[in-house]
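Only one structure is covered here, and it is reproduced in the block below.
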């Protein structure tokens, strides 16, 4: 991950006794420590570390020193995304080839996807995959709050944490949904938090919808941050509770505007800008994180404040500020050269003391990430038949009504509903003309292939079926269809290719997006992956789906993070009642 400091070499370089490897001279330094712009500064770097910052680094220049003349342009710290999800569609080399030219030199990622299919071993596999990364990538151990019973044998135990924390790239415990932490008699997550704190590591939070007493109870456990604020008051509530407030601007939500009313009114040093993950199309179009910082500045946030929100603020939060987050001796050589303080278009990106990008193009190669066999065979179920999706008429209530999962406008929240399916040969059937479709979830972890078939509204599809293995907070296959033949075909196709997304219409495979790495990650290059996801959205729209991000909606139908009803292999899970129910007994 990083080389240890050679203190004697750093001292000798700073004093001019031995030459630096790299010197950046004649730059306007954005000093995030004092909040000032310092003109005419130079930075001398030895190996991965900054040895000297001052007005003249000439004493550190030797015959083999690489010298970059900033020409009066702005030099600022490299950007840090303190909350992201990297196991999501794209493979690591493809992602880094876009993220690094955007100025990102540090990433902190959740690992829930690998956790839900491989437990603690998934964390170790990820650490192997990032071993050769040209930038710093840190990981968080997933607390693994899931609605799927099949996940339970894989859940990481407190006694496993110390071993994982021995790797300095593991920063702490990832986001634990507050409902699954404080509203349950099960102390498993509390024990994980206690062990994390005992090991001196960070505890990240997820307090969507929590306020007053519930937010206080959640903060009292020692959670240090929350990225779920969706209003200005939410931001204040979190800051007042002593939490760092992470503001999302990425794939899932774009909430940056909520901090604007706080500008010039409160101290913003505990506010952090994050992506919470991105998608291939967004990455190719906007780059990574620099567009977030640019938007903040364009909306009126002072450049120094905006830069601090992706440098010093997250570094202090994660106790990395002695290593990174600013440009000073003893910190990592992570810095950007920008045209000016208001233009987030890095002309040079330097990470760990090496030039890794210039003028929007990566200057380093990205070794292929290792994918062990264990990660390539995670859809461990037998093929299904149409009979497996059948639902007897007897499952409806006396009025022929069944319970439904109703997707709400926006595509994330779902509520419980009631509907009357068609009856065909004694079985309950979809009624696409009335927006009533079959929804199917099967776990893919135990080898048993436990499954539940229900009904969904708000999806809108008129023909065919779709299925995916990219299921949030569960290891399974989620499918929606207007007929059993296509739904069965879509599910079986994913079993055959060991993960991905498939669309069938009239028995024909219309589109396939392979995600064979754990069922979450594709081997496709970014352009091809983006193209297929774009085609997916267009195909879904042509079939009647009116949701703006159909693939995201399909993926979140298993997560305990979004209310009010979700799918499990045992039935619908209802948040308010904390129970699992079937079609009837409404």
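In our numbering, the protein residues as written are 288 to 873.
All C-beta atoms, glycine included, are put in the ideal place defined by N, C-alpha and C.
Please read these numbers as outputs of a predicted model, since none were measured by experiment.
Residues bridged to residue i (per DSSP)
{"i": "residue 635", "result": "624, 645"}
{"i": "residue 439", "result": "Paired residue(s): none; residue 439 is not in a bridge."}
{"i": "residue 353", "result": "309"}
{"i": "residue 744", "result": "693"}
{"i": "residue 336", "result": "333, 619"}
{"i": "residue 425", "result": "395"}
{"i": "residue 702", "result": "693"}
{"i": "residue 371", "result": "396"}
{"i": "residue 364", "result": "622"}
{"i": "residue 798", "result": "790"}
Alpha-carbon spacing of residue i relative to residue j, whole angstroms
{"i": "residue 470", "j": "residue 502", "result": "12 Å"}
{"i": "residue 753", "j": "residue 840", "result": "12 Å"}
{"i": "residue 291", "j": "residue 643", "result": "20 Å"}
{"i": "residue 785", "j": "residue 311", "result": "48 Å"}
{"i": "residue 577", "j": "residue 390", "result": "7 Å"}
{"i": "residue 414", "j": "residue 685", "result": "55 Å"}
{"i": "residue 351", "j": "residue 512", "result": "44 Å"}
{"i": "residue 820", "j": "residue 779", "result": "20 Å"}
{"i": "residue 403", "j": "residue 781", "result": "18 Å"}
{"i": "residue 482", "j": "residue 505", "result": "16 Å"}
{"i": "residue 818", "j": "residue 700", "result": "27 Å"}
{"i": "residue 288", "j": "residue 325", "result": "Its pLDDT being 47, under 50, residue 288 is placed unreliably in this model, and the coordinates cannot settle the point."}
{"i": "residue 463", "j": "residue 354", "result": "46 Å"}
{"i": "residue 745", "j": "residue 721", "result": "10 Å"}
{"i": "residue 314", "j": "residue 625", "result": "10 Å"}
{"i": "residue 456", "j": "residue 337", "result": "20 Å"}
{"i": "residue 531", "j": "residue 565", "result": "21 Å"}
{"i": "residue 736", "j": "residue 515", "result": "33 Å"}
{"i": "residue 474", "j": "residue 508", "result": "12 Å"}
{"i": "residue 374", "j": "residue 398", "result": "7 Å"}
{"i": "residue 649", "j": "residue 871", "result": "57 Å"}
{"i": "residue 322", "j": "residue 693", "result": "50 Å"}
{"i": "residue 523", "j": "residue 599", "result": "20 Å"}
{"i": "residue 300", "j": "residue 499", "result": "53 Å"}
{"i": "residue 876", "j": "residue 842", "result": "There is no way to answer for residue 876, as the model of the chain reaches only from 288 to 873."}
{"i": "residue 542", "j": "residue 710", "result": "45 Å"}
{"i": "residue 400", "j": "residue 680", "result": "37 Å"}
{"i": "residue 611", "j": "residue 345", "result": "24 Å"}
{"i": "residue 332", "j": "residue 623", "result": "14 Å"}
Supposed contact pair residue j and residue i - C-beta distance, whole angstroms, cut 8 Å
{"i": "residue 556", "j": "residue 595", "result": "7 Å"}
{"i": "residue 823", "j": "residue 867", "result": "The Cβ separation is near 30 Å, so there is no contact."}
{"i": "residue 796", "j": "residue 441", "result": "With a Cβ gap of about 31 Å, residue 796 and residue 441 do not count as contacting."}
{"i": "residue 676", "j": "residue 775", "result": "6 Å"}
{"i": "residue 706", "j": "residue 688", "result": "7 Å"}
{"i": "residue 751", "j": "residue 768", "result": "7 Å"}
{"i": "residue 607", "j": "residue 698", "result": "Contact flag wrong, Cβ pair sits at about 35 Å."}
Three-state secondary structure (DSSP) of residue i
{"i": "residue 769", "result": "coil"}
{"i": "residue 836", "result": "coil"}
{"i": "residue 576", "result": "coil"}
{"i": "residue 288", "result": "Low local confidence applies: a pLDDT of 47 at residue 288 is under 50, so the model's placement there is unreliable, with the coordinate-based value given in what follows. In the structure shown, residue 288 sits in coil (DSSP, three-state: anything other than H, G, I, E or B)."}
{"i": "residue 843", "result": "helix"}
{"i": "residue 548", "result": "helix"}
{"i": "residue 508", "result": "coil"}
{"i": "residue 854", "result": "strand"}
{"i": "residue 755", "result": "strand"}
{"i": "residue 601", "result": "helix"}
{"i": "residue 297", "result": "helix"}
{"i": "residue 380", "result": "helix"}
{"i": "residue 778", "result": "helix"}
{"i": "residue 596", "result": "coil"}
{"i": "residue 688", "result": "coil"}
{"i": "residue 328", "result": "strand"}
{"i": "residue 679", "result": "strand"}
Reference residue i; option with closest CA among the options
{"i": "residue 422", "options": "814, 750, 639", "result": "639"}
{"i": "residue 667", "options": "806, 580, 770", "result": "806"}
{"i": "residue 448", "options": "459, 674, 508", "result": "459"}
{"i": "residue 297", "options": "654, 664, 620", "result": "620"}
{"i": "residue 633", "options": "387, 324, 849", "result": "387"}
{"i": "residue 588", "options": "834, 703, 628", "result": "628"}
{"i": "residue 317", "options": "301, 359, 812, 574", "result": "359"}
{"i": "residue 664", "options": "763, 825, 652", "result": "763"}
{"i": "residue 392", "options": "517, 804, 383, 400", "result": "383"}
{"i": "residue 741", "options": "714, 757, 327, 759", "result": "714"}
{"i": "residue 597", "options": "562, 430, 837", "result": "562"}
{"i": "residue 708", "options": "691, 698, 697", "result": "691"}
{"i": "residue 361", "options": "344, 330, 371, 346", "result": "330"}
The ligand NAD heavy atom lying under 7 Å from the CB of residue i
{"i": "residue 338", "result": "This structure does not include the ligand NAD; it has no bound ligands of any sort."}
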